[in-house]
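Residue numbers (the UniProt record's numbering): 1 to 330.
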């Protein structure tokens with residue numbers, strides 16, 4: 001490891017279940033075979049980081065899985081990545097290459113898969129060790145802070161929508177929670193429980209904004225002919241269940257939000273409806289999402305926080321006060 005690198009680095013660490021993140025100095029380790037050491041330039045703050053904060057995973061742990069940074073050290077024999085490369089990594093932190101999913105190149109469902117910031121330390125830090133198979137190149141002309149959210153929020157939305165069968169130009173795609181579908185050349189409807197985020201939803205590309213405090217979401221969707229897809233990004237199980245009625249025959253309820261769901265099978269059977277979940281994406285999917293964002297001129301909206309304000313950033317996100325993606329800048 002280069003002598004110019006520090007012996008220690010700062011990290012926001014979850015040390016006790018339900019407690020605040022603590023800024024701790026940790027020893028900087030040299031990368032071993034199959035890993036690279038990355039200087040973190042930006043790391044997005046995701047609701048899934050709450051699993052770490054609440055101690056659902058073994059602690060202590062450094063959370064963070066929307067990581068963009070520069071390679072500062074590689075082990076002997078590393079041929080793909082070199083010092084100076086701009087890279088990123090998301091929820092998918094590595095795979096085994098041996099299980100049935102890996103043999104079908106379905107790396108995101110690897111039975112032994114690693115998760116950045118969950119099963120291994122993540123990007124709420126000045127430096128992070130990343131597994132080489134879970135890393136993707138990031139164009140240096142992109143703002144690291146604006147790019148970081150593409151590695152979870154972005155790739156999950158992008159990847160889930162592109163795997164919906166039969167989605168075509170002109171179809172109604174309803175977004176429960178903030179998201180982007182306009183770039184798919186679909187008719188995008190944003191569903192909210194109030195009018196507070198109408199301006200933001202319009203900026204994100206919504207053709208129609210449905211304020212649940214004034215109109216019935218299901219009735220309004222049916223007036224449009226029903227939604228081909230309802231993408232649920234907000235973790236509200238009751239709302240997601242109700243919205244099933246707004247799908248057209250053959251439609252899909254696509255959820256990337258974690259919530260308890262209860263459905264009446266009669267509705268599924270009578271209208272040939274589908275319920276589909278999607279777990280983010282691997283490095284290849286992240287590369288596709290970045291390319292899509294570049295070619296489609298998709299811009300993420302963010303709020304920047306220094307690493308020392310990791311608790312403030314997480315609390316703003318968790319409370320719903322943050323209109324934009326919170327991103328830590330170590």
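All C-beta atoms, glycine included, are put in the ideal place defined by N, C-alpha and C.
Query, Result
"Buried versus exposed, by CB contacts within 10 Å (16 or more), residue 202", "Only weak support is given to the placement of residue 202: the predicted model assigns it a pLDDT of 48, under 50, and the value that follows is read from those uncertain coordinates. It counts as exposed."
"Element boundaries [beta strand (DSSP E), containing residue 43]", "35–44"
"Burial state of residue 295 (16 or more Cβ within 10 Å)", "exposed"
"CB contact flag (residue 52, residue 118, <8 angstroms)", "yes"
"Boundaries of the alpha helix (DSSP H) in which residue 51 is found, first to last residue", "49–53"
"Whole-angstrom distance between residue 245 and residue 267, CA atom to CA atom", "8 angstroms"
"Beta-carbon proximity list for residue 29, same chain, < 6 angstroms, skipping 5 on both sides", "none"
"Which listed residue (173, 148, 276 and 48) has its alpha carbon closest to that of residue 303", "148"
"Assigned exposure category for residue 146 - 16 Cβ within 10 Å defines buried", "buried"
"Run of the alpha helix (DSSP H) containing residue 70, from where it starts to where it stops", "Here residue 70 belongs to no alpha helix (DSSP H); instead the beta strand (DSSP E) covers 67–73."
"Contact check, residue 68 vs residue 138, beta carbons under 8 angstroms", "yes"
"Limits of the beta strand (DSSP E) - the one that residue 327 falls within", "325–329"
"Residue span of the alpha helix (DSSP H) that contains residue 269, given as start and end", "265–270"
"The stretch 70–82 touching the stretch 47–62, judged by at least three CB pairs closer than 8 angstroms", "no"
"Residue from 158, 24 and 101 with nearest C-alpha to residue 111", "101"
"Local Cβ density within 10 Å of residue 90, reported as buried at 16 or more and exposed below that", "buried"
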